[in-house]
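For what it's worth, my numbering labels the leading residue of the sequence shown as 4, then goes sequentially. We put the CB at the ideal spot given by N, CA and C, even for glycine.
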Amino acid sequence: MRYVSFAINPRYQLVKAIHIHYSIDKEGKVRSVTTTTTPSTNFKAPLTQREGFANRVKAFFKEASPTIAQQRMVALLLLICQGGITVTGSIVRVTGSGLGCVTWPNCHPGSLVPVAGAEPVLHQAIEFGNRLLTFVVTAAAVAAVVAVYQAKRRKELKVYAWLSVAGIVVQAVIGGISVHMELVWWMVAAHFLPSMVLVWIAGMLYTRILQHDDGTLTAMYPSVVRSLAIVAAVALSVVLITGTMVTGSGPHAGDAEASLQGRLDVDTEMMAIIHAICMYVYLAFTAITVFLLHRYNAVKTAKKIGWILIVVILVQWAIGVTQFHLGVPRWTIPAHIAMSSVVTAMTSILWANGIHRKDGTSPTTGSPQGDLKYEARQAALALRKGR
Numbered sequence: 004m005r006y007v008s009f010a011i012n013p014r015y016q017l018v019k020a021i022h023i024h025y026s027i028d029k030e031g032k033v034r035s036v037t038t039t040t041t042p043s044t045n046f047k048a049p050l051t052q053r054e055g056f057a058n059r060v061k062a063f064f065k066e067a068s069p070t071i072a073q074q075r076m077v078a079l080l081l082l083i084c085q086g087g088i089t090v091t092g093s094i095v096r097v098t099g100s101g102l103g104c105v106t107w108p109n110c111h112p113g114s115l116v117p118v119a120g121a122e123p124v125l126h127q128a129i130e131f132g133n134r135l136l137t138f139v140v141t142a143a144a145v146a147a148v149v150a151v152y153q154a155k156r157r158k159e160l161k162v163y164a165w166l167s168v169a170g171i172v173v174q175a176v177i178g179g180i181s182v183h184m185e186l187v188w189w190m191v192a193a194h195f196l197p198s199m200v201l202v203w204i205a206g207m208l209y210t211r212i213l214q215h216d217d218g219t220l221t222a223m224y225p226s227v228v229r230s231l232a233i234v235a236a237v238a239l240s241v242v243l244i245t246g247t248m249v250t251g252s253g254p255h256a257g258d259a260e261a262s263l264q265g266r267l268d269v270d271t272e273m274m275a276i277i278h279a280i281c282m283y284v285y286l287a288f289t290a291i292t293v294f295l296l297h298r299y300n301a302v303k304t305a306k307k308i309g310w311i312l313i314v315v316i317l318v319q320w321a322i323g324v325t326q327f328h329l330g331v332p333r334w335t336i337p338a339h340i341a342m343s344s345v346v347t348a349m350t351s352i353l354w355a356n357g358i359h360r361k362d363g364t365s366p367t368t369g370s371p372q373g374d375l376k377y378e379a380r381q382a383a384l385a386l387r388k389g390r
């Protein structure tokens, strides 16, 4: 197999072609590498500044191969964005701004942006601002897709990245439907729960992106621990679902004029107690899982993540108890939603650490082809600087 990189002089002319020949065995490991350089005799007239910039951009996307650290930074950004937009969504709810934009995809009929006098200025600004943040999250997801493809990473990581992009599109549509349905409780719940799925996926990507593609798949936890982790994850799902039902029966409709219309017609206090019981079950299974991680002497990282997860669950519990006894004050809602994202992310990270790819040989980018691509680009950059 061969990878070719190019050296371009300051006048944007092709100077040298760098040929890197390599062979990869059936296990995906690089066995031999040779490098040759071919001078170019086909010089063309100097390009314009714009043409030269375009060539450099094309060369970057053709040659660049982000390192594992850079890929993980992008994955972390995506994880923060996926969790962060749930918080801004909760601010929309507690400020009664859910119908600050009365339609979708426009903000108002015939206008993509807020219209003076149509709705209170603050409500329009909050709802429209939350919609704009969708583009920030989308940019982070697209950056993750580009990073894993540029680094020639394995299919698993590409799937996580593409699911993030697809999920954001689906979420935007669900959000639009919830506006058209005037924030009926079950539609708002259907808008929140996929966000937690996207946080989970981002946590998986953030964790698994560290593992070399050519490593050997190894179970890091005994089967009993993995089974308990599955049960804990299912319990978390029930906690999140019952949480949306508490909100759906509570006082915060999401729009200042919606009042109790479209709310879940059950006793909020009873629903909160059911939600709390589900949380205690989830905490119990998580605590048992962490105990068994110590019992079976799991790796230090897994035990550390387990304890962090227990701490954030307890913080979330404290916020929930405060809400219950204070009558669900507005300021507690964003904090509770934020911690939901943190708990989901940490559960995902603990789960993702249960399988590890050991003894990989791609320390730079995580994949053999990506490492070769990275080395070729570094050689090309060195030649360019030398000229």
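Nearest-angstrom Cα distance between residue i and residue j?
i, j, result
"ASP216", "TYR152", "13 Å"
"VAL172", "ARG298", "43 Å"
"MET248", "MET274", "7 Å"
"ALA385", "ALA72", "22 Å"
"ARG333", "GLY373", "49 Å"
"PRO337", "PRO366", "40 Å"
"GLY309", "GLY330", "32 Å"
"SER262", "PRO254", "Any reading at SER262 is ruled out, since the residue's pLDDT is 48, under 50, leaving its predicted position unreliable."
"PHE195", "THR89", "7 Å"
"ILE180", "GLY99", "18 Å"
"VAL345", "THR292", "18 Å"
"ALA290", "ILE313", "7 Å"
"LYS155", "VAL124", "47 Å"
"ALA175", "MET190", "13 Å"
"LEU82", "GLY170", "13 Å"
"ASN109", "TYR163", "30 Å"
"VAL237", "ILE352", "15 Å"
"VAL302", "LEU296", "8 Å"
"ARG229", "VAL145", "32 Å"
"LYS209", "GLY369", "A quick correction: the sequence has Tyr, not Lys, at residue 209. Distance between the alpha carbons of TYR209 and GLY369: 13 Å."
"TYR377", "PRO69", "8 Å"
"THR245", "ALA192", "10 Å"
"GLY120", "ALA348", "40 Å"
"PHE327", "ASP268", "18 Å"
"LEU136", "THR304", "33 Å"
"GLY323", "ALA142", "33 Å"
"PHE294", "ILE280", "21 Å"
"ASP270", "SER252", "7 Å"
"GLY357", "LYS306", "11 Å"
"LYS161", "LEU201", "14 Å"
"VAL97", "THR335", "9 Å"
"HIS339", "PRO371", "43 Å"
"VAL227", "ASN300", "13 Å"
"ILE311", "ALA321", "15 Å"
"GLU272", "GLY113", "42 Å"
"PRO225", "THR364", "26 Å"
"LEU115", "GLU122", "14 Å"
Residues in the same chain with beta-carbon distance under 7 Å from residue i, minus the five sequence neighbours each way, listed in chain order, please.
i, result
"ALA67", "GLN153, ARG380"
"ASP362", "GLY218, THR219"
"GLU159", "ARG211"
"THR359", "Position check: residue 359 holds His in this sequence, whereas Thr was assumed. Same-chain partners within the cutoff: GLN214, THR221, MET223."
"TRP165", "VAL148"
"ARG266", "TRP188, GLY251, SER252, ALA256"
Hey, residue i and residue j are a contact pair by Cβ (cut 8 Å); roughly how many whole angstroms apart?
i, j, result
"LEU102", "GLU185", "7 Å"
"CYS84", "VAL139", "6 Å"
"GLY92", "ASN133", "6 Å"
"ILE204", "SER240", "Between SER240 and ILE204 the Cβ distance is about 14 Å, and since that is not below 8 Å, they are no contact."
"MET199", "SER343", "7 Å"
"LYS282", "VAL242", "Checking the sequence, you will find Met at residue 282 rather than Lys. Going by Cβ atoms, the distance from MET282 to VAL242 rounds to 5 Å, so yes, they are a contact pair."
Taking DSSP's pairing of strands, which residues face residue i in a bridge?
i, result
"LEU329", "The partner list for LEU329 (beta bridge, DSSP) is empty, contrary to what the question assumes."
"SER114", "HIS111"
"THR219", "LYS361"
"SER2", "Here the chain covers residues 4 to 390 and nothing more, so residue 2 does not appear."
Take residue i and list the residues in its own chain whose beta-carbon comes closer than 8 Å to its own, dropping the five residues that flank it on each side.
i, result
"ALA235", "TYR285, PHE288, THR289, THR292, THR350"
"PRO117", "GLY103, CYS104, CYS110, HIS111, VAL124, GLN127, ALA128, PHE131"
"ILE316", "MET282, TYR285, LEU286, THR289, VAL346"
"ILE177", "MET190, ALA193, HIS194, PRO197"
Please return the same chain residues whose Cβ sits closer than 6 Å to the Cβ of residue i, not counting the five positions on each side in sequence.
i, result
"GLU130", "VAL95, SER100, GLY103, CYS104"
"ALA232", "THR292, TRP354"
"LYS47", "At LYS47, the pLDDT of 49 sits below 50, so the modelled position is not reliable; the number obtained from the coordinates is stated separately. Answer for LYS47: no residue qualifies."
"TRP107", "GLY179, VAL182"
"ARG157", "ASP216"
"ILE277", "THR245"
"ALA150", "PRO69, GLN74, VAL77"
"ASN45", "With a pLDDT of 49 at ASN45, under the threshold of 50, the modelled position of this residue cannot be trusted; read the value that follows with caution. Excluding residues within five positions, none has a Cβ falling inside 6 Å."
"ALA341", "VAL90"
Contiguous alpha helix (DSSP H) assignments of at least 4 residues, all confined to the stretch 120–186: Counting only runs of 4 or more, we get 124–153, 158–183.
In the stretch 271–357, which residue ranges form an unbroken alpha helix (DSSP H) of at least 4 residues, counting only runs that do not cross its ends? Listed in chain order, they are 271–298, 303–329, 335–355.
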